[in-house]
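S.K.: Sharing a structure here in structure tokens format.
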Amino acid sequence: MARPNARLPRGPGAAGQPGVGPGHPVGQPVSGPAYPGGPAYPGGQLVSGPAYPGGQPVSGPAYPGGWPVPAAGADRRRRMPVVALALVAVLALVAGVQAYQLHRLDDRLAATDRRLAEAQRADGTRLDGLDKRAEALEKEAGAAFNPEAVASAVLPSVFRVRAGQFTGTAFAIGKPAAGGGTTLLTNFHVVESVFDGGGRKVFLERTDQRFEATIVKVDKAKDIAQLRTTAKFTGLVAAGTPVKSGQQIVVVGAPLGLQDSVTTGVVSAFRKDEDGSGPVIQFDAPINPGNSGGPVINGSKEVVGIATAKARDAEGIGLAVPIETACDTFKLC
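This is the structure we're talking about:
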């Protein structure tokens with residue numbers, strides 16, 4: 017049984033012992049207020065500071081409010097490399113996209129250039145074809161029979177011949193003679209009366225002009241004669257190919273003395289030498305006395321024959337000496 021008057025320490029207690037004073041129940045701390053609902057301290061001991069596992073304090077500075085927060089500048093420095101890498105990646109992606117687009121653009125431009133080159137080649141081929149077609153059409157147009165064009169080209173080289181009392185036709189042929197002047201052809205029967213009478217002079221008439229000509233050579237059997245004049249005229253060109261049946265022709269002459277008369281027709285046939293006088297061209301163009309010796313012209317303005325005669329008591333049957341006969345005989349053309 018405890019003694020009521022037992023000695024109790026007064027004032028501050030011994031080290032590690034809380035002080036006890038009046039009004040404080042035994043076992044309650046006096047260094048601070050009571051904490052209702054607070055934790056009970058074992059053995060009535062007040063523990064200063066927070067409780068640590070094992071009762072030992074953790075060495076190190078105390079941070080009010082909890083753990084320390086990193087500074088904002090340090091955080092920004094850590095983020096900068098990441099941002100830089102992201103920017104580099106974006107720039108690399110943009111550069112790659114642009115490079116791809118440029119490559120695609122180059123491909124498209126190259127394809128366009130190829131298409132343009134192909135189109136130009138195709139256009140060039142078409143143009144070449146058109147040029148060739150145009151040339152062919154020009155040749156066809158040139159070969160087309162045009163009596164007006166033929167007459168205009170031929171008439172300046174065709175003359176009316178006066179040989180005594182006889183009238184016929186003559187025409188300039190070939191290049192100018194070696195001694196100057198012009199060579200002409202006609203029928204022998206046109207100059208026959210002068211030649212048989214020993215004369216050699218005949219006259220060429222065109223519009224209001226008159227030129228003297230000389231009988232150089234004759235071939236009675238072939239009914240051809242060669243004349244020459246000192247005047248200069250354009251010679252007609254002899255055809256290089258024989259005539260064919262159906263070929264269109266123009267006959268120029270002075271029928272009944274009427275100068276610059278033009279008739280047209282076709283070659284009816286090419287008659288071979290049957291009686292020793294040589295081959296003849298039969299044609300249906302109208303001719304009359306005075307046409308003898310006149311040129312028979314094809315659509316190319318070339319001489320194919322020398323009009324000689326017409327059949328009596330018949331219409332549409334004219335005869336001509338082939339031009340090659342006269343050229344071979346007189347070494348002309």
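Residue numbering for the sequence shown is 17 to 349, as defined by the numbering used here. We put the beta carbon where it would ideally sit given N, CA and C, even for glycine.
#1: Taking Leu200 as the reference, which of Ala169, Gly214, Leu107 and Gln242 has the closest Cα?
#2: Quick one: is Pro97 buried, meaning 16 or more other Cβ sit within 10 Å of its Cβ, or exposed?
#3: Suppose you measure from the CA of Ile189 to the CA of Ala237; what does that come to, to the nearest Å?
#4: Kindly identify the DSSP beta-bridge partner or partners of Phe175.
#5: Helix, strand or coil, according to DSSP, for Phe249 in the structure here?
#6: What do you get for Gln263, buried or exposed, if any count of 16 or more other CB atoms within 10 angstroms of its CB means buried?
#7: What separation, rounded to the nearest whole angstrom, lies between the Cα atoms of Leu101 and Gln117?
#8: Can you list, in chain order, the residues of its chain whose CB lies under 6 Å from that of Ala325, leaving out five sequence neighbours each side?
#9: Quick one: Cα of Ala330 to Cα of Asp224, how far?
#10: Which one of Ile265, Ala152, Pro338 and Arg93 has the shortest CA to CA distance from Pro163?
#11: Quick check on the burial criterion: 16 or more other C-beta atoms within 10 angstroms. Buried or exposed for His205?
#12: May I ask you to check if the CB of Pro258 is nearer than 6 Å to at least one heavy atom of the ligand MG?
#13: Please report the distance separating the alpha-carbon of Lys191 from that of Arg244.
#14: Sorted by chain position, which residues of the same chain lie with C-beta nearer than 6 Å to Ala327's C-beta, five sequence neighbours on each side aside?
#15: Which of helix, strand or coil does DSSP assign to Ser284?
#16: Considering only their Cβ atoms, is the gap separating Val253 from Glu318 smaller than 7 Å?
#17: To the nearest angstrom, report how far apart Asp212 and Lys248 are at their CA atoms.
#18: If I follow the unbroken beta strand (DSSP E) through Pro338, where does it start and stop?
#19: Give the range of the beta strand (DSSP E) segment to which Glu228 is assigned.
#20: Residues in the same chain with beta-carbon distance under 7 Å from Asp239, minus the five sequence neighbours each way, listed in chain order, please.
#21: For a minimum of 3 consecutive residues, which ranges assigned as the beta strand (DSSP E) are wholly contained in the segment 85-140?
#22: What does a CB cutoff of less than 6 Å around Val167 pick up in its chain, not counting 5 residues either side in sequence?
#23: Could you tell me the boundaries of the beta strand (DSSP E) in which Glu208 lies?
#24: Can you say whether Pro271 is buried or exposed, counting buried as having 16 or more other CB atoms within 10 angstroms of its CB?
#25: Distance, Cα to Cα, Val210 vs Ala342?
#26: Identify whether Phe219 lies in helix, strand or coil by the three-state DSSP scheme.
#27: Look up Glu318 in the DSSP assignment and say whether it is helix, strand or coil.
#28: With Gly281 and Asn307 assumed to form a contact (beta carbons below 8 Å), what rounded beta-carbon distance in angstroms separates them?
M.R.: According to the structure data:
#1: Answer by Cα proximity: Gln242.
#2: exposed
#3: 21 Å
#4: Within the DSSP bridge table, the entry for Phe175 names Ala186 as partners.
#5: coil
#6: buried
#7: 24 Å
#8: Leu335
#9: 35 Å
#10: With distances taken between CA atoms, Pro163 lies nearest to Ile265 out of Ile265, Ala152, Pro338 and Arg93.
#11: Classification for His205: buried.
#12: Absence of the ligand MG is noted for the structure shown, with no ligands found whatsoever.
#13: 12 Å
#14: Ile333
#15: strand
#16: yes
#17: 27 Å
#18: Gly334 to Pro338
#19: Counting along the chain, the unbroken beta strand (DSSP E) around Glu228 starts and ends at Gln225 to Asp235.
#20: Asn203, Phe204, His205, Thr324 and Val337
#21: Listed in chain order, nothing qualifies, since the segment 85-140 has no complete beta strand (DSSP E) run of 3 or more residues.
#22: According to the sequence shown, residue 167 is Ala rather than Val. Answer for Ala167: Val278, listed in chain order.
#23: Run containing Glu208: none in the beta strand (DSSP E); it sits in the alpha helix (DSSP H), Phe204 to Asp212.
#24: buried
#25: 20 Å
#26: strand
#27: strand
#28: Wrong, their Cβ atoms sit about 12 Å apart, outside the cutoff.
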